[in-house]
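Everything in the sequence shown is counted per the numbering used here, starting at -15 for the first residue and increasing by one.
Each remark here refers to the structure printed beneath this line.
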Amino acid sequence: MTSANYPSLWNVQEAINHINETYEIDETLEAWNYRGHILLTEFEDQVRRFECSGGVWTQTTDVEGEVNGLMTYDRRVKRVDEEQWKNDIQALYDAAAKRGAPSRRKM
């Protein structure tokens, strides 16, 4: 089986079962957004506690189902719950501002 057999591997269990190089795959968009929220909340905690000044969200488009892929490789499925992500990212700015970083405009 190859990826050419499916228009998109996203949420095709047979295809997902053949991906053996990933650390986490979420089966629903709700679960994916929940995991993204958890990761951004953990990052916010690092900003508050340890004065972490930056982070990188890697592999934004080249993964299928992984928690860090913002959309499917073919861009047919956009995973991001925009309102949730805006709030989570704003929380990062707010946490940085509370420790003395330059203020950022509201999103």
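Positions of the beta carbon are idealized from the N, C-alpha and C atoms, including for glycine.
**Item:** lysine 143 - partner residues in DSSP beta bridges
**Value:** Residue numbering for the chain in the displayed model covers -15 to 91; residue 143 lies beyond these limits and cannot be assessed.
**Request:** Work out the CA separation of aspartate 78 and methionine 35 for me, nearest whole Å.
**Result:** The question names methionine, but residue 35 in the sequence shown is glutamate. C-alpha separation (whole angstroms): 12 Å.
**Message:** Relative to the C-alpha of tryptophan 69, which candidate in Thr25, Gly84, Val40 has its C-alpha closest?
**Reply:** Thr25
**Item:** Limits of the unbroken alpha helix (DSSP H) element including tryptophan 16
**Value:** For tryptophan 16, the enclosing alpha helix (DSSP H) stretches over residues 13 to 34.
**Where aspartate 10 sits in the DSSP three-state scheme** = coil
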